[in-house]
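Asks: Before anything else, here's the structure in question.
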Amino acid sequence: MEYKYVGKSYIRPDAISKVTGKAIYLDDIRLPGMLHAAILRPQYAHAKILSIDTSEAEKCPGVVKVVTGEGCTFHYGDNIRDLVPMADKKVHYIGEPVAAVVADTPKHAKEALAKIHVTYDPLPVYIDARQAMSEDAVIIHEDMDQYWTLPTLAVVPGTNIANVYKVRKGRAEDGFADAEVILEGEFNYPFGSCAAIEPHGSIVWFKEDRTIEVWSSSICPFIVRDDLATSYGVPAADVRVHIPDIGGCFGYKSDITVEQTIAWIASFVPGSPVKWVSSREEDFTSTLIGHGIRTQMKIGAKKDGKLVALQVKVLHSTGAYADTGVNVTMAATHNSTGPYEFEHCDLTGYTVYTNTTPVGAFRGYGHQEVHLAIERMMDMLARKLNMDPFTLRSKNYLREGSVNALGEHMWKFNGDVATAAAKVQDVVFGHDKPKEDDTYFYGRGFAAVMKSPKGAPFSTKGCYMKMNTDGSININMGGAEVGQGLRTVVRQIAAEALKIAPEKVRVYTELDTQFSPYEWQTIGSMFTMQGGRAIVRAADKMIALLKNTAAQVLKTDPDYLEYDGEFIFLNADPFIRVPVTELARGYITENGITIGDLAQSVSDARLPRYASPDKNGQGPLGVTYTFGAQGAEIRIEKKSGKILIDHFASVFDVGQVINPLQIRGSVLGGVNIGIGAALYEEVIFDEEGRITNPQYFQYHIPTYKEMPRQTIEFLETPDPIGAFGARGIGEHSVLGPAPAILNAIYDATGIDFCEIPVTPDKMKKALEALKEYA
Amino acid sequence: MAEKFSFTINGQPRSVEVEPDTLLIDVIRDVLDLTGTKHGCDNATCGTCTVIVNGRAMKSCNTVIAKVAGAEIMTVEGLAKGMELHPVQKAIAESGAVQCGFCTPGILMELVAVLDAKPNASEQELTNALNKHLCRCTGYEPIRDGALIAQKVVQERAAEPA
């Protein structure tokens, strides 16, 4: 649909501050009397702490305090309360905080760390869920039966299983009995790091007036606020959390992570703000990592390609704490169908404690891991059925009339995966593939994708709006700007809803729980949808309020009045009107007596009827899915095994494009993250639980020279929930690259990879094995 | 032992008293409070700490202060002239090359150094320069777009009679 401001490219409101170096990020904040913390990490990934001697460290220059976990009596977490701010009697992973030094400078704090002496009694280390699930495995959390959990979750005491999530639709055993072809496969999406260029960090200040003030590069100030209030027994209103500009998130700055540790440290030096910024190594070892998902999949189909049954076991190695990982397991599990309808589903997700850095959100949130499985399986099944993979897929796409694994009915307005697929097919497969030559194999691969709005039923986004006497607008929301460009989106949606130029809309800059409206956290690609709806609601309320005041001025009834951005006017005679600028702070009559309300409004929005799962794991998530399709054209260098992406195509049905420049930028970047996972990235743990590559020069993220040519298109089937029909798109572009590239590798060489990253070394070995076999 | 080091930064002469092995980035950020230069890794891999020293792009996280004594240093704060943005800043702001903005200062300084030294740098030369910078947000394409727009403006300015 044609809108005046929606659907056009505007420059980000924060672009100028970012190119002038004036944007303030966490590490740029300096406070009077600020102290600096450095944190000691253990030598073992799983061990009992026998003793900690801090006496030497205390004598070091500049040291104000040395802190350990001794005496910490609380656990924290929002799903499974299994986290502690600092290890006490035991360490569970190699990046865990064991002790900390607070000093006048970061250098002094780091120097004193070396003088802390800790003795350990090592325990067995489990990296993979399968090890931790073995019968004789040592229990990592002995007290897990005492952990508070959300009512929908349940730890399995006496095991390392933090939760089992089951989705049952139909009767899978009947489905498989009915199937004519059965295919099984196992796929692994290993650990990754979000690896934002800005490392995570926090400042916490316990003040003498018994309030707590926090600055963090977090996307969830209200979770940080509420969690600290609970842990330290103060009213939430007395915890003030500021969020400055954030230098990239991609997931791992969500939920509460490092803030509780810095708060614990700062609580020992009340009166002084304490700052901690992770080193790049700590950003890998001691914040959150991603993925760690092994998917075992069994598909039952008819000979004509009709899918009938799906059985999936998601084995999620969630690391030392499961609070941040358990929802990722659930999202992976119920999205393991991909964009396909299965009459019968038996899907089980195991969230398993291990001894790695805890796993949390990573852009895609469980979806890319299972898409690797389902989209590779679709190509393999097509081969088994001797059928064109596009035909197989198109027979089974979720479309109007289908029911997904969660029991949600799909409608036309949920989007058009078939058209997206056809477009990708055209731009990637519509021309002849280059013939194999002396240097290269050539291949093309495809993946169709779907992402759910996985979040929480209570996830709400608030909006405060006010009009000033010159007609300009201030909007204040709780959405964290991590680079995704949500401030531009706020500006455009508000301009459209209020019928005023975007230049007249000033969008909030930082978040501050003292002033910002509540937002659960800015996750799940949901800001444009939920936030956009909140803006439209706030605008409608404010326009109604302006009409009420104008009705008194124009001596008529509000429902006879219209609003055009500049005036409130009588619908029957637009010459009878009053400018909104004269209504903004109430209307001042001839003798100065002022009538009417201030032009300001408050609203919020959440997804409709988002529910907790029932006993079969089913329950609506707001029925808003974004579907799309992606495809890769690749070359494989025979000599080196190096895989080059020549062209990558993405088509998503986003409902309505808000800002063409930004949405393309979002997909470009997401595809690069997906390519990184497919070809380069893996956080590698050795047998003792140490990360062997915790630096950018060891953990390779895609570089400038590795960017592929990208084709990006959008379909616009308007969504009924999102403002002006827009759906979520933030994470979706990371879902298809791995399966599309692995499908292309098969197309090029006939080799089936079921695990990423496919490094040159692995590719070369596989090519050599193929040669020997031939 | 702290020693005195003098240099020019963003056109202003400055002196600092620090240990000779103090890193340039720490002097810039912590002593001079120029926080536009960012710290992204600890081993000169990500490129966001890049500043211009005597006309050349240099990573400030592996450069000790003793090495730049007497030098002319420019940081991202030195690019704009009052309210007027440097053409590279303007192009990068408008091309979509800014998302989270954390890699942006380093990329700006790299491009300014390359284009100042060689307004007609080939695309390969620009690619080689930009390949020294990690960006996790943009997929690089908008950075390339911004670089090419900036180059055009720089070339046009160079062609104008002085």
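Going down the list, the sequences are from chains A and B. One point on numbering: in our numbering, the residue at position 342 of the first sequence is 344, and numbering is uninterrupted. One point on numbering: in our numbering, the residue at position 31 of the second sequence is 32, and numbering is uninterrupted. Cβ coordinates follow ideal geometry from the N, Cα and C atoms, glycine included. All values reported here derive from a predicted model rather than from experimental measurement.
In the DSSP assignment, what are the bridge partners of M75/B?
Replies: Answer is I53/B.
Asks: May I have the straight-line CA-CA distance separating T297/A from G368/A, to the nearest angstrom?
Replies: Straight-line Cα distance between these residues: approximately 11 Å.
Asks: Count the other CB atoms within 10 Å of the CB of Y775/A; is the residue buried (16 or more) or exposed (fewer)?
Replies: With fewer than 16 other Cβ atoms within 10 Å, it is exposed.
Asks: Helix, strand or coil for I590/A, going by three-state DSSP, please let me know.
Replies: If DSSP states are grouped into helix, strand and coil, I590/A belongs with the strands.
Asks: Between which two residues does the alpha helix (DSSP H) holding M380/A run?
Replies: 369-387 is the extent of the alpha helix (DSSP H) around M380/A.
Asks: My guess is that I205/A and P99/A are in contact by the Cβ rule of under 8 Å, so how many angstroms apart are they, rounded?
Replies: 16 Å between Cβ atoms; not a contact.
Asks: Short of 8 Å Cβ to Cβ, which residues in the segment 36-50 of chain B face chain A?
Replies: Listed by position, the residues of the segment 36-50 of chain B near chain A (Cβ gap below 8 Å) are T36, G37, T38, K39, H40, G41, C42, D43, N44, T46, C47, T49.
Asks: Whole beta strand (DSSP E) runs in the segment 19-68 of chain A with 3 or more residues, listed along the chain?
Replies: Those beta strand (DSSP E) runs which fall completely within the segment 19-68 of chain A and span 3+ residues are 37-42, 49-55.
Asks: Going by the DSSP bridge assignment, what does S795/A pair with across the sheet?
Replies: Any answer about residue 795/A is impossible in this case: the structure gives chain A only from 3 up to 776.
Asks: By DSSP, does P391/A sit in helix, in strand, or in coil?
Replies: P391/A falls in the helix class under three-state DSSP.
Asks: Three-state secondary structure (DSSP) at Y612/A?
Replies: Reduced to three states, the DSSP call for Y612/A is coil.
Asks: Looking at the strands, I want to know which residues DSSP matches up with K5/B.
Replies: BP columns for K5/B point to E18/B.
Asks: Using the DSSP secondary-structure output, state which residues sit across from L185/A in a beta bridge.
Replies: BP columns for L185/A point to I301/A.
Asks: Mind pulling the chain A residues with CB within less than 9 Å of G56/B?
Replies: Result: empty, since nearest Cβ-Cβ is about 19 Å, beyond 9 Å.
Asks: Would you say T105/B lies against chain A (beta-carbon separation less than 8 Å)?
Replies: Yes, its Cβ sits closer than 8 Å to a Cβ of chain A.
Asks: Which first and last residues belong to the alpha helix (DSSP H) in which P662/A is found?
Replies: Here the alpha helix (DSSP H) through P662/A covers 662-681.
Asks: Going by Cα to Cα distance, which pick from A634/A, C465/A, W522/A, W217/A is closest to H649/A?
Replies: Of A634/A, C465/A, W522/A, W217/A, the residue nearest in Cα terms is A634/A.
Asks: Using 10 angstroms around the beta-carbon of I129/A, count the other beta-carbons present and answer buried if the total reaches 16, otherwise exposed.
Replies: Label assigned to I129/A: buried.
Asks: What are the boundary residues of the alpha helix (DSSP H) that M765/A is part of?
Replies: M765/A -> alpha helix (DSSP H) spans 762-775.
Asks: G56/B and D117/B look like a contact to me (Cβ under 8 Å); what is the Cβ gap, rounded to whole Å?
Replies: Their Cβ separation, rounded to whole angstroms, is 7 Å, which keeps G56/B and D117/B in contact under 8 Å.
Asks: Does the segment 308-318 of chain A touch the segment 703-722 of chain A, meaning 3 or more C-beta pairs lie closer than 8 Å?
Replies: Output reads no: the segment 308-318 of chain A does not touch the segment 703-722 of chain A.
Asks: If we ignore side chains and look at the alpha-carbon of each, how far apart do T51/B and I26/B end up?
Replies: Approximately 9 Å between the Cα atoms of the pair.
Asks: Would L670/A pass as an interface residue toward chain B - the criterion being a Cβ-Cβ separation below 8 Å?
Replies: Yes - at least one Cβ of chain B is within 8 Å of the one on L670/A.
Asks: Kindly indicate the opening and closing residues of the beta strand (DSSP E) around K171/A.
Replies: K171/A -> beta strand (DSSP E) spans 163-171.
Asks: Which first and last residues belong to the alpha helix (DSSP H) in which I93/B is found?
Replies: Per DSSP, I93/B belongs to the alpha helix (DSSP H) from 88-95.
Asks: Following the continuous beta strand (DSSP E) through T421/A, name the residue where it begins and the one where it ends.
Replies: Per DSSP, T421/A belongs to no beta strand (DSSP E); it is in the alpha helix (DSSP H), 419-431.
Asks: On the three-state DSSP scale, how would you describe E639/A?
Replies: Three-state DSSP puts E639/A in a strand.
Asks: Could you name the residues of chain B that D616/A contacts, counting a contact when the two beta carbons are closer than 8 Å?
Replies: Neighbours of D616/A on chain B: none; closest Cβ ~38 Å, over 8 Å.
Asks: For the segment 528-543 of chain A and the segment 555-570 of chain A, state whether three or more C-beta atom pairs, one from each stretch, are separated by less than 8 Å.
Replies: They do not touch, by the three-pair rule.
Asks: Who are the near neighbours of N674/A in its chain, counting only those whose CB is closer than 6 Å to its CB and skipping five residues on each side?
Replies: So the qualifying residues of the chain are P704.
Asks: Quick check on the burial criterion: 16 or more other C-beta atoms within 10 angstroms. Buried or exposed for E770/A?
Replies: Counting Cβ neighbours within 10 Å, E770/A comes out exposed, since fewer than 16 surround it.
Asks: So what's I245/A in DSSP terms, helix, strand or just coil?
Replies: Correct three-state label for I245/A: strand.
Asks: Based on DSSP bridge pairs, tell me the residues matched to L290/A.
Replies: The partner list for L290/A (beta bridge, DSSP) is empty, contrary to what the question assumes.
Asks: Keeping to the same chain, check which residues put their C-beta closer than 6 Å to that of P126/A; ignore five residues upstream and five downstream.
Replies: Around P126/A: V140.
Asks: Drop a sphere of 10 angstroms on the beta-carbon of W266/A, count the other beta-carbons inside from all chains shown, and report buried for 16 or more, exposed for fewer.
Replies: The residue in question, W266/A, is buried, as its Cβ has 16 or more Cβ neighbours within 10 Å.
Asks: With a Cβ-Cβ cutoff of 8 Å, do I93/B and T23/B count as a contact?
Replies: Contact: no.
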